[in-house]
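Quick notes on the structure that follows.
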Amino acid sequence: MTEPVLLCATDARGVATVTFNRPQVNNAYNADVILGLIEIFGGLATDEAVRLVVLRGNGRHFQAGADLKWLREVSTLTPEENLEVSRNTTNAARGLNEFPKPTIALVHGGCFGGGTGIVAGCDIVIASEDAIFSITEARWGVMAGPIFPQLNAAIGEHNVRRYSLTCERFGAARAREMGLVDEVCAPGGLDATAAPIIDAILAGGPNALRETKRLITDIGKLAVSDALAEKLAQQHARKRQTDEAEEGLKSFVEKRNPNWYPGRG
Amino acid sequence: MAEELVLTEIDKRGVATVTLNRAEVHNALNDAVVDALRAAFDGLAARQDVRAVILAARGKSFSAGADLKWMRQVAEFSPAENKADALRIAEVFDKLNTLPMPTIAKIQGSAFAGGVGLVVCCDIAVAAEHAQFAITEVRLGLLPAMISPYVVGAIGPSAARRYCQTAERFDAQEAKRIGLLHEVVAADALDAAVEDIVGSILKNAPASVAASKALIRETVGPVTEAMREDTASRIAAIRATDEAKEGRAAFFEKRKPAWVAAGGA
């Protein structure tokens, strides 16, 4: 029997932990992970016993973004099937961002591409000093559209303009400076750093928390409308079926530079 | 004659100082204080000769937020009275936020809940280094409602998602990092730090300062009457819930609310 790609467990206090569980591919996401996230968060939202959700990764990394081998297969699907994948991706990001209870991401190691959108969609982000972030999509000739609303809200358009255009890597300290990360701790210190924050949330009224989060979402205009979601999904899907994306994803598999890279000046 | 709840002084340069004067209850806000603030802000808004407004407080704390005795009275109100009361508070925040001249919060001690609301409605915030901050409403089963547009405006959705839901206390340095404060200074340097900023403002053309302030507000999106209505409705609704009743009862009975006991935290 194969391991589930996501683990979910809730403790006696009502703290649910969702764990990315594809360590052999650095927790890269594929269709199973996306649909699993939608299903699990849908269930946690209505489970009265759950007070808050912690999101983390098994293995050496939090989440390496999309599984590029899988993405390459997706790009060869029919346009309609390809669009459906982008719709699911967009909805998974939306569902997390608009999840009605507090969410905490515990980040260690790599957090790339869609992984940055996942943390941007959480309420509180704790990263260990070894965490490395990058909005990598453009590097592979694809785009990060579905996570831009969350990234803009978390780090501001100005930072998104830099990091989504350069795909540069940045560390936990820089991530905290920009507001993507709330707390930075030594490697191995994620649980200890999260403990008082979790305790603080459990001291808040569950209904008050739900109303408060909804209000922040409304005031900050953090929710993505159906119309915007559809637009993001369509752009995302279309870009994946261009020659440029084909070359970018192929360059990944072949471990070479894409043909648009002129080399260092 | 009883001490005035709010003191207003205007010096010969046109620098007004509005001082919260209920040190014995940590400058907690009740209906009388709200009325006094409204009168003070209305008076200042109409004066052409006032070039800057300092919002200050006497005693150990800047403001502990809503006076919970008042909250208990409010709990007995009908839904309509409850909403009217909330709207009056929303209007006072709006008056402070839209004063035509620059406003400086001079924070000599801690600010919680609605006290943070007063800070975020000012243009510039300077605090003594020992001041602590927290957005505590959810501890009592309430939500930070009327202050939320200004809170999100000042600290952004990312920090708001954390601190509105955890109600954690944070220090002045963290407050500065997230944008709640502009300057943090030693307690004995607070007067001089505020005076430096006032000095800079007095060098600038009054009408262009006012036009700049109005433009910034329009650019980021003004807090509208619809938003005040919405937030007032939300607080009125939550005040009447069982959870809020339990939160208030626990506070006055000096015990943990049921949701903490249930969580075992």
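So the sequence lines, in the order shown, correspond to chains A and B. Numbered by the working numbering, the letters in the first sequence go through residues 1 to 265 in order. Numbered by the working numbering, the letters in the second sequence go through residues 266 to 530 in order. Every residue, glycine too, gets a C-beta built ideally from N, C-alpha and C.
Taking A16/A as the reference, give the member of F170/A, H236/A and I104/A with the closest Cα.
Here residue 16/A refers to the residue found at position 16 of the first sequence. Comparing Cα positions, the closest option is I104/A.
Distance between beta carbons of A153/A and G220/A, contact taken as under 8 Å
Residue numbering aside, residue 220/A sits at position 220 when the first sequence is read from its first letter. Residue numbering aside, residue 153/A sits at position 153 when the first sequence is read from its first letter. Yes, G220/A and A153/A are in contact; Cβ-Cβ is about 6 Å, under 8 Å.
Residues of the stretch 425–439 of chain B with a CB closer than 8 Å to any CB of chain A: list them in chain order, please.
A425, R426, R427, C429, Q430, T431, A432 and E433
So, at 6 Å on beta carbons, what are the nonlocal neighbours of K510/B in its own chain, with the 5 sequence-adjacent residues on each side left out?
Along the second sequence, read from residue 1 onward, the residue named residue 510/B stands at position 245. Closer than 6 Å at Cβ, skipping near neighbours: no residue.
Going by C-alpha to C-alpha distance, which of I34/A, V74/A, A127/A and S75/A sits closest to L180/A?
By one-based count along the first sequence, residue 180/A stands at place 180. Here the closest residue by C-alpha is A127/A.
Taking the beta carbon of W140/A as the centre, do at least 16 other beta carbons fall within 10 Å, making it buried, or is it exposed?
Position 140 of the first sequence holds residue 140/A. Under this definition W140/A is a buried residue.
Identify the residues that DSSP records as bridge partners of E448/B: which are they?
If you number the second sequence from 1, residue 448/B lands on position 183. Looking at the DSSP assignment, E448/B forms a beta bridge with V391/B.
Spatially closest choice to A432/B from I400/B, T489/B and A419/B, by CA coordinates
Position 167 of the second sequence, counting from 1, holds the residue named residue 432/B. Out of I400/B, T489/B and A419/B, the CA that lies nearest to the CA of A432/B is found in I400/B.
List the DSSP bridge partners of I132/A.
The residue labelled residue 132/A in the question sits at position 132 within the first sequence. I132/A is bridged to G110/A and G171/A.
To which residues does DSSP link D436/B through a beta bridge?
Translated into the one-based positions of the second sequence, residue 436/B becomes position 171. D436/B is bridged to Q397/B.
Tell me, please, whether the stretch 305–324 of chain B touches the stretch 346–365 of chain B by the rule of three or more beta-carbon pairs shorter than 8 Å.
yes
Can you find a CB in chain A that lies within less than 8 Å of the CB of E490/B?
Counting from one through the second sequence, the residue named residue 490/B turns up at place 225. No, E490/B lies away from the interface with chain A (no Cβ there is under 8 Å from its Cβ).
Please look up how many angstroms separate the CB atoms of V271/B and N286/B, rounded, as I've assumed it's under 8 Å.
The sequence position of residue 271/B within the second sequence is 6, counting from 1. The sequence position of residue 286/B within the second sequence is 21, counting from 1. In this structure V271/B is in contact with N286/B, their Cβ atoms being roughly 6 Å apart against a cut-off of 8 Å.
Classification of M266/B by the beta-carbon crowding that lies within 10 angstroms, buried from 16 upward
As a working mapping, residue 266/B is identified with position 1 in the second sequence. Bear in mind that a pLDDT of 45 at M266/B, under 50, signals an unreliable position, so the number given afterwards is only what the model happens to contain. With fewer than 16 other Cβ atoms within 10 Å, it is exposed.
Please determine, among I369/B, Q313/B and V290/B, the residue with the shortest C-alpha to C-alpha distance to G330/B.
Counting from one through the second sequence, the residue named residue 330/B turns up at place 65. Comparing Cα-Cα distances from G330/B to each of I369/B, Q313/B and V290/B, the minimum goes to V290/B.
Where are the alpha helix (DSSP H) runs, 4 residues long or more, that stay fully inside the stretch 73–104 of chain A, in chain order?
79–97
Measuring only the C-alpha atoms, how far is R60/A from G110/A?
Taking the first residue of the first sequence as 1, we reach residue 60/A at position 60. Taking the first residue of the first sequence as 1, we reach residue 110/A at position 110. If I take the Cα positions, the gap works out to 8 Å.
Using the three-state DSSP reduction, which class does V488/B fall into: helix, strand or coil?
For this step, residue 488/B is matched to residue 223 along the second sequence. Looking at V488/B - three-state DSSP - the assignment turns out to be coil, as it is neither helix nor strand.
Coarse secondary structure for I443/B, derived from DSSP in three states
Along the second sequence, read from residue 1 onward, the residue named residue 443/B stands at position 178. Three-state DSSP puts I443/B in coil, outside helix and strand.
Against chain B: residues of the stretch 87–105 of chain A by CB proximity under 7 Å
P102
So, with DSSP's three-state summary, where would you put F377/B?
One-based indexing of the second sequence puts residue 377/B at position 112. Note: F377/B maps to strand in three-state DSSP.
Note the first and the last residue of the continuous alpha helix (DSSP H) segment covering I201/A.
Counted from its first residue, the first sequence places residue 201/A at position 201. From DSSP, the alpha helix (DSSP H) with I201/A extends over L190 to L202.
Thinking just about the alpha-carbon of each residue, which of H447/B, A410/B, G444/B and D436/B is nearest to the one in C429/B?
Locating residue 429/B in the second sequence gives position 164, counting from the first residue. C429/B has its Cα closest to that of A410/B, out of H447/B, A410/B, G444/B and D436/B.
Could you tell me which residues DSSP puts in a beta bridge with G382/B?
Within the second sequence, numbered from 1, the residue matching residue 382/B stands at position 117. DSSP output for G382/B lists no bridge partner at all.
Helix, strand or coil at Q63/A according to DSSP, with G and I counted as helix
As a working note, residue 63/A is residue 63 in the first sequence. The answer is strand: DSSP assigns Q63/A an E or B state.
Listed from N- to C-terminal order along the chain, which residues in the stretch 192–217 of chain A have their beta-carbon within a distance smaller than 7 Å of any beta-carbon of chain B?
I197, D199, A200, I201, L202, A203, G204, G205, P206, N207, A208, L209, E211, T212, K213, L215 and I216
Interface flag, V403/B vs chain A, CB-CB below 8 Å
Within the second sequence, numbered from 1, the residue matching residue 403/B stands at position 138. Yes, because at least one Cβ of chain A sits closer than 8 Å to the Cβ of V403/B.
Less than 8 Å between CB atoms is the rule here; does I503/B satisfy it with respect to chain A?
Counting from 1 along the second sequence, the entry for residue 503/B is found at position 238. Judged by the 8 Å Cβ criterion, I503/B is in contact with chain A.
Kindly give me the distance between the Cβ atoms of G113/A and T89/A, rounded to whole angstroms, as I take these residues to be in contact under 8 Å.
Translated into the one-based positions of the first sequence, residue 113/A becomes position 113. Translated into the one-based positions of the first sequence, residue 89/A becomes position 89. Wrong, their Cβ atoms sit about 11 Å apart, outside the cutoff.
Do we get a CB-CB distance below 8 Å when we pair A66/A with the residues of chain B?
Here residue 66/A is taken as the residue at index 66 of the first sequence, counted from 1. Chain B, which has no Cβ nearer than 8 Å to the Cβ of A66/A, makes this no.
Note down, in chain order, every chain B residue with its Cβ under 8 Å from the Cβ of A154/A.
One-based indexing of the first sequence puts residue 154/A at position 154. Chain B residues near A154/A: P422 and S423.
With a threshold of 16 other CB atoms inside 10 Å of the CB of S465/B, please say whether the residue is buried or exposed.
Counting from 1 along the second sequence, the entry for residue 465/B is found at position 200. Result: exposed.
Name the chain A residues whose beta carbon is nearer than 7 Å to that of L407/B?
Start at 1 with the first residue of the second sequence, and residue 407/B comes out as number 142. A208, listed in chain order.
Residue range of the beta strand (DSSP E) that includes F20/A
For the purposes of this step, residue 20/A is taken as residue 20 along the first sequence, with counting starting at 1. It spans V15 to F20 - the beta strand (DSSP E) in which F20/A sits, taken as one unbroken run.
Considering only their Cβ atoms, is the gap separating K250/A from P102/A smaller than 8 Å?
Here the question's residue 102/A lines up with position 102 in the first sequence. Here the question's residue 250/A lines up with position 250 in the first sequence. For P102/A and K250/A, no; Cβs fall outside 8 Å.
Does the distance from the C-beta atom of S375/B to that of F342/B stay below 8 Å?
The count along the second sequence starts at 1 and reaches residue 375/B at position 110. The count along the second sequence starts at 1 and reaches residue 342/B at position 77. For S375/B and F342/B, no; Cβs fall outside 8 Å.
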